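Asks: In terms of the numbering used here, the sequence shown opens at residue 1 and continues consecutively.
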Amino acid sequence: MNKNILVAFGGVSPEHEVSVLSAMQAISALEETNYSLIPLYITKSGRWLTGEYLLDLEHYQDLDELVQQAVPCTFSHNEMGKPVLLETEKQGLFSSRQTHSIYAVLPAFHGSEGENGAFQGTCDMYNLPFAGSGIFASSLGMDKVKAKEMCRAHDIPVVDSVDFYESQWEKAQDEILDEIDELGFPVIVKPVNLGSSIGVERADDRESLIEAVETAFRYDANLLVEKAVSPLMEINCSVLGDPEEAQPSVCERPLGKEETLSFEDKYQSDDGGNKGMASADRVIPADIPDELTNKIQDMALTIFKTFRAAGVARLDFLVNAETNELYFNEINTIPGSFSFYLWKESSISIEELMVELIEIARTQHQRKIGRVRSYETNLLSQKAVQGIKGLKNKES
Ligand SMILES: Nc1ncnc2c1ncn2[C@@H]1O[C@H](COP(=O)(O)OP(=O)(O)O)[C@@H](O)[C@H]1O
Ligand SMILES: [Mg+2]
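#1: Would you please state the rounded distance, in angstroms, between the beta carbons of residue 382 and residue 310? I believe it to be under 8 Å.
#2: Counting by C-beta, which residues lie closer than 6 Å to a heavy atom of ligand 3, in chain order?
#3: Counting beta carbon pairs with one atom in the region 195-207 and one in the region 281-295, are three or more of them shorter than 8 Å?
#4: According to DSSP, residue 400 sits in a beta bridge with which residue or residues?
#5: Hey, is residue 234 close to ligand 1, as in C-beta under 7 Å from one of its heavy atoms?
#6: Please look up how many angstroms separate the CB atoms of residue 39 and residue 55, rounded, as I've assumed it's under 8 Å.
#7: Pull up the distance between the alpha-carbon of residue 272 and that of residue 367, whole angstroms please.
#8: Which residue or residues does DSSP assign as beta-bridge partners of residue 55?
#9: How many Å lie between residue 232 and residue 247 at the Cα?
#10: Measuring only from the beta carbon, is residue 197 closer than 7 Å to any heavy atom that is part of ligand 1?
#11: Under 7 Å: does the beta carbon of residue 148 sit that close to some heavy atom of ligand 1?
#12: Return the chain-ordered list of same chain residues with a C-beta closer than 7 Å to the C-beta of residue 324, the five sequence neighbours on each side being excluded.
#13: For a test of the three-state rule: what should DSSP assign to residue 98, helix, strand or coil?
#14: Tell me the DSSP bridge mates of residue 331?
#15: Run the CB neighbour count on residue 114, radius 10 Å, all protein chains shown included, and call it buried at 16 or more, exposed below.
#16: Between which two residues does the alpha helix (DSSP H) carrying residue 176 extend?
#17: Please classify residue 371 as buried or exposed, where buried requires at least 16 other C-beta atoms within 10 Å of its C-beta.
#18: Can you list, in chain order, the residues of its chain whose CB lies under 8 Å from that of residue 84, leaving out five sequence neighbours each side?
#19: Using 7 Å as the cut-off, classify the Cβ of residue 17 as near or not near the heavy atoms of ligand 1, replying yes or no.
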């Protein structure tokens with residue numbers, strides 16, 4: 001039987017295009033393996049599509065044509081009760097609707113419902129093995145405020161910050177501004193639930209802060225204002241494994257045109273920008289002292305396990321370039337390009353990385369379904385049901 005890998009990507013997210021790029025990299029790597037590939041493309045308006053046509057990056061230039069050529073689909077169960085991908089439109093007049101078995105799902109989304117645990121939860125509901133983190137790490141990782149709180153509780157250093165909702169900003173702007181004053185300028189304003197530097201801005205005074213806050217509220221109703229680390233050096237480290245056993249990659253030092261990395265720095269460098277996160281300028285391994293590298297790798301591993309992450313994640317750190325003070329910045333549970341460029345240094349090719357992700361997904365799933373999942377009770381026995389009926393009669 002075909003071992004079908006369902007590569008899921010796109011989604012209702014500002015990082016939609018970046019996700020298409022990560023997915024195409026995964027697909028071209030998986031084409032070198034024995035797995036069969038099925039695309040699941042979620043459009044910007046949330047439609048689920050599949051079909052061969054979606055496997056070619058060129059086809060994403062004309063999205064109207066793409067939607068015409070693709071086939072609507074959904075998760076369902078076949079007559080044996082097994083979860084499948086069901087094509088919801090018939091291909092011919094007399095044909096039946098096609099179904100595809102699924103060996104594992106590879107979520108390649110960035111941001112929003114594809115990365116925050118919602119899609120992972122959908123896979124769980126269908127009892128499908130999927131690569132990467134589960135609901136818990138995915139949703140915790142997406143919330144920059146709660147992720148920091150989790151780290152604080154585990155003595156992992158994070159930058160001082162203030163967070164607030166739009167409704168609070170409308171009611172008590174002056175108090176919030178006073179609190180931010182106490183942090184001291186410059187500060188960094190960011191949406192709590194986004195990525196790829198969208199809505200992230202540096203503010204040097206109250207005036208630019210108010211402007212940055214207004215801009216960021218266009219993306220999220222919940223904002224985080226952090227004291228800026230300056231002079232800043234950013235260091236990222238990827239971790240591969242599961243919450244029980246994992247290994248860190250080498251570190252990278254991403255380079256930007258300005259101190260704060262922008263969306264353009266990350267994805268639109270001079271080579272045309274169709275390689276996603278892998279095309280950004282960076283130093284690998286990071287040109288930092290061994291002692292700092294070790295510290296970052298240890299911390300990355302601790303955070304990965306603390307968050308109960310799985311598969312591959314990228315842990316991003318902020319370092320004061322003068323003092324080498326180190327802070328956790330964020331965890332990316334589906335890192336751009338799956339961080340494959342960091343694993344090359346550990347002699348793990350992108351093909352091997354993809355296969356490993358699928359194996360981890362299968363093992364995690366086996367572990368879960370190997371446990372007792374239902375419990376025999378006689379809660380709905382005649383006596384209990386009678387009792388409830390009794391209650392109803394009393395009410396009326
Ligand atoms: N506290 C900070 N001090 C200085 N620069 C920061 C700080 N927080 C974020 N940045 C800059 O902003 C960029 C984007 O912020 P980040 O928290 O990583 O959000 P995103 O999830 O959008 O990537 C970082 O890569 C870094 O360049
Ligand atoms: Mg970031």
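For every residue, glycine included, the Cβ atom is placed at its ideal position computed from N, Cα and C.
If you're wondering where the values come from, they're calculated on a predicted model, not measured in any experiment.
Replies: Taking the structure as given:
#1: Within the sequence shown, the letter at position 382 stands for residue 382. Within the sequence shown, the letter at position 310 stands for residue 310. Actually they are not in contact, since the Cβ atoms of residue 382 and residue 310 sit about 44 Å apart, beyond 8 Å.
#2: Absence of ligand 3 is noted for the structure shown, with ligand 1 and ligand 2 being the only ligands found.
#3: no
#4: What the structure shows of the chain is the stretch from 1 to 396, and residue 400 is not part of that stretch, so it cannot be assessed.
#5: In the sequence shown, the residue the question calls residue 234 occupies position 234. Within the cutoff, so yes.
#6: Residue numbering aside, residue 39 sits at position 39 when the sequence shown is read from its first letter. Residue numbering aside, residue 55 sits at position 55 when the sequence shown is read from its first letter. Indeed, because the Cβ distance is near 6 Å, the residues count as touching under 8 Å.
#7: As a first step, residue 272 must be located in the sequence shown, where it is residue number 272. As a first step, residue 367 must be located in the sequence shown, where it is residue number 367. Confidence at residue 272 is low in this model, with a pLDDT of 48, below 50, so its placement is unreliable and no value can be given for it.
#8: Position 55 of the sequence shown, counted from the start, is the residue given in the question as residue 55. DSSP output for residue 55 lists no bridge partner at all.
#9: Your numbering for residue 232 matches position 232 in the sequence shown. Your numbering for residue 247 matches position 247 in the sequence shown. Distance between the alpha carbons of residue 232 and residue 247 is about 26 Å.
#10: Position 197 of the sequence shown, counted from the start, is the residue given in the question as residue 197. Correct: residue 197 has its Cβ closer than 7 Å to ligand 1.
#11: For the purposes of this step, residue 148 is taken as residue 148 along the sequence shown, with counting starting at 1. Not so, every heavy atom of ligand 1 lies at least 7 Å from the Cβ.
#12: Position 324 of the sequence shown, counted from the first residue, corresponds to residue 324. The answer, listed in chain order, is 292.
#13: Taking the first residue of the sequence shown as position 1, residue 98 is located at position 98. Of the three classes helix, strand and coil, the one that applies to residue 98 here is coil, per DSSP.
#14: In the sequence shown, the residue the question calls residue 331 occupies position 331. Answer is 315, bridged to residue 331.
#15: By 1-based counting over the sequence shown, the position of residue 114 is 114. Classification for residue 114: buried.
#16: Locating residue 176 in the sequence shown gives position 176, where the first residue counts as 1. Residue 176 -> alpha helix (DSSP H) spans 166-183.
#17: Counted from its first residue, the sequence shown places residue 371 at position 371. When all chains shown are included, residue 371 counts as exposed.
#18: Taking the first residue of the sequence shown as 1, we reach residue 84 at position 84. Cβ within range, chain order: 75, 76, 77, 78, 99, 100, 101 and 102.
#19: Within the sequence shown, residue 17 is the residue found at index 17, counting from 1. Answer for residue 17: no, Cβ out of range of ligand 1.
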